[in-house]
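See structure below.
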Ligand code: GDP
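Numbering (full-length UniProt numbering), first residue to last: 1 to 294.
Shown next, in the form of structure tokens:
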């Protein structure tokens, strides 16, 4: 994960590490390298500039130039700023309600259905009674995919293969959940290859009808800057509560993880790191910053 960014940051720090004296010129040069590493990792340019300006300011302000191990102190500042950039603290999802409704939105192929299964599995392991709902009325295969996952994890999947009205399916699923004493309903919605009006309207209508306690936007981290732009568009329409970054096991350059919070002002809540049902983690900004720095 983020190997290239990690290498570039470490090489930026190399000029400072081990030195017992550094100058403001060293700090300026290193910060510039850090900025270049972030931009190369697909971090939004404005975000990269803001964070490196703060790093420089903090570094000079803390008088690290005369501290015992200035290189280490500099790395610590970068770690703090990366953590802050990604939201500071971990944020969980709201699963209160009778039932609580978690709406999953995003583009096709982003990993929505896989994530829906993973979340259901995670919640089930916590002892919650969960219902999965297949609301993709355009791809029969999507219903089948969710059913297979449901069977695998032992969670019921609600679907109406003949019904072409996603709002109705979602509404009926909630009634079914009440009848069968399910406390959390996860609604997997349809996705398109690009943002389009019909899809947006449909997911907005589902939102209005089922009043979710939590709306999660799922995005493929490999798509870099596009991930951030898609997140912006979905947020404008849905005002979602959190982001799920998928495919972090691939050769994602890291830009989405680092820019989304700042640009969209919504927290990343989960990261997905593989196709298996267990490959899901709550997102912890501090742990991610440590991983990025190696
Ligand atoms: P959806 O169209 O948004 O529902 O996306 P899917 O859940 O069908 O996922 C699309 C593809 O990405 C599938 O082949 C998944 O197995 C795969 N996938 C989903 N999440 C991850 C992940 O975190 N890592 C990897 N490597 N593959 C993933």
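C-beta: ideal position from N, C-alpha, C; glycine also.
Does the stretch 240-259 come close enough to the stretch 219-226 to have 3 or more Cβ pairs within less than 8 Å? yes
Neighbourhood of residue 249 by C-beta, 6 Å cutoff - its chain only, sequence neighbours within 5 removed: In the chain shown, residue 249 corresponds to position 249, counting from 1. Within the same chain, residue 249 has close Cβ partners 273 and 274.
Report yes if the CB atom of residue 101 is closer than 8 Å to the CB atom of residue 267, and no otherwise. Residue mapping note: residue 101 aligns to position 101 of the chain shown, counting from 1. Residue mapping note: residue 267 aligns to position 267 of the chain shown, counting from 1. Result no, Cβ atoms of residue 101 and residue 267 do not sit closer than 8 Å.
Mark residue 47 as exposed unless 16 or more other C-beta atoms lie within 10 angstroms of its C-beta, in which case mark it buried. Here residue 47 refers to the residue found at position 47 when the chain shown is read from its first residue. Residue 47 is buried by the Cβ-count criterion.
Strictly by DSSP, which residues pair up with residue 158? In the chain shown, the residue the question calls residue 158 occupies position 158. DSSP lists 133 as partners of residue 158.
What do you reckon, are the CB atoms on residue 136 and residue 214 nearer than 8 Å? Numbered from 1 along the chain shown, position 136 holds the residue referred to as residue 136. Numbered from 1 along the chain shown, position 214 holds the residue referred to as residue 214. Taking 8 Å as the Cβ cut-off, residue 136 and residue 214 do not qualify as a contacting pair.
Any chance you could list the beta strand (DSSP E) runs of at least 3 consecutive residues sitting entirely within the stretch 150-207, in chain order? 156-158 and 184-189
Is residue 247 a contact residue of ligand 1, with contact defined as CB to any heavy atom under 7 Å? Taking the first residue of the chain shown as 1, we reach residue 247 at position 247. Yes - ligand 1 has a heavy atom lying nearer than 7 Å to the Cβ of residue 247.
Which residues in the same chain as residue 207 place their Cβ atom closer than 8 Å to its Cβ, once the five residues preceding and following it in sequence are excluded? On the chain shown, position 207 is the one that residue 207 refers to. Within the same chain, residue 207 has close Cβ partners 103, 215 and 238.
Specify the secondary structure class of residue 49 as computed by DSSP and reduced to three states. The residue you call residue 49 lines up with position 49 of the chain shown. Correct three-state label for residue 49: helix.
Is residue 252 near ligand 1, with its Cβ less than 7 Å from a heavy atom? As a first step, residue 252 must be located in the chain shown, where it is residue number 252. Residue 252: no, Cβ never under 7 Å from ligand 1.
Per DSSP, what kind of secondary structure is residue 147 in: helix, strand or coil? Start at 1 with the first residue of the chain shown, and residue 147 comes out as number 147. Note: residue 147 maps to helix in three-state DSSP.
Is the CB-CB distance between residue 127 and residue 149 below 8 Å? The sequence position of residue 127 within the chain shown is 127, counting from 1. The sequence position of residue 149 within the chain shown is 149, counting from 1. No, the Cβ-Cβ distance between residue 127 and residue 149 is not below 8 Å.
Suppose contacts are defined by Cβ-Cβ distances below 8 Å. Is residue 78 in contact with residue 293 by that definition? Here residue 78 refers to the residue found at position 78 of the chain shown. Here residue 293 refers to the residue found at position 293 of the chain shown. Yes.
With DSSP collapsed to three states, give me the class of residue 43. Here residue 43 corresponds to residue number 43 of the chain shown, with the count starting at 1. Correct three-state label for residue 43: coil.
Where residue 89 falls: helix, strand or coil (DSSP): By 1-based counting over the chain shown, the position of residue 89 is 89. Three-state DSSP puts residue 89 in coil, outside helix and strand.
With a threshold of 7 Å, establish whether the CB of residue 112 neighbours any heavy atom of ligand 1. Translated into the one-based positions of the chain shown, residue 112 becomes position 112. It does: the Cβ of residue 112 is within 7 Å (strictly closer) of some heavy atom of ligand 1.
By DSSP, does residue 246 sit in helix, in strand, or in coil? For the purposes of this step, residue 246 is identified with residue 246 of the chain shown, where counting begins at 1. Here residue 246 sits in strand by DSSP.
Between the C-alpha atoms of residue 252 and residue 179, what's the straight-line distance to the nearest angstrom? Walking along the chain shown from the start, residue 252 turns up at place 252. Walking along the chain shown from the start, residue 179 turns up at place 179. Roughly 43 Å separates the two Cα atoms.
Quick one: measure Cβ to Cβ for residue 177 and residue 131, integer angstroms, because I've assumed they're closer than 8 Å. Position 177 of the chain shown, counted from the first residue, corresponds to residue 177. Position 131 of the chain shown, counted from the first residue, corresponds to residue 131. Correct: roughly 5 Å between the Cβ atoms.
Can you name the start and end residues of the beta strand (DSSP E) that residue 270 belongs to? Here residue 270 refers to the residue found at position 270 of the chain shown. Taken as a continuous stretch (DSSP letters only), the beta strand (DSSP E) holding residue 270 covers 268-272.
Does residue 237 come within less than 8 Å of chain C when only Cβ atoms are used? Here chain C cannot be found, since the structure has a single protein chain.
Could you tell me if the beta carbon of residue 106 falls within a distance shorter than 7 Å of some heavy atom in ligand 1? The sequence position of residue 106 within the chain shown is 106, counting from 1. It does: the Cβ of residue 106 is within 7 Å (strictly closer) of some heavy atom of ligand 1.
Could you check what DSSP says for residue 296 in three-state terms: helix, strand or coil? For residue 296 there is no data in the structure shown, the boundaries of the chain being 1 and 294.
Within 10 angstroms of its Cβ, does residue 163 collect 16 or more other Cβ (buried), or is it exposed? Numbered from 1 along the chain shown, position 163 holds the residue referred to as residue 163. Classification of residue 163: exposed, given that the 10 Å Cβ count is below 16.
Taking all protein chains shown into account, do 16 or more other C-beta atoms lie within 10 angstroms of the C-beta of residue 181, making it buried, or fewer, making it exposed? Counting from 1 along the chain shown, the entry for residue 181 is found at position 181. Residue 181 should be labelled exposed.
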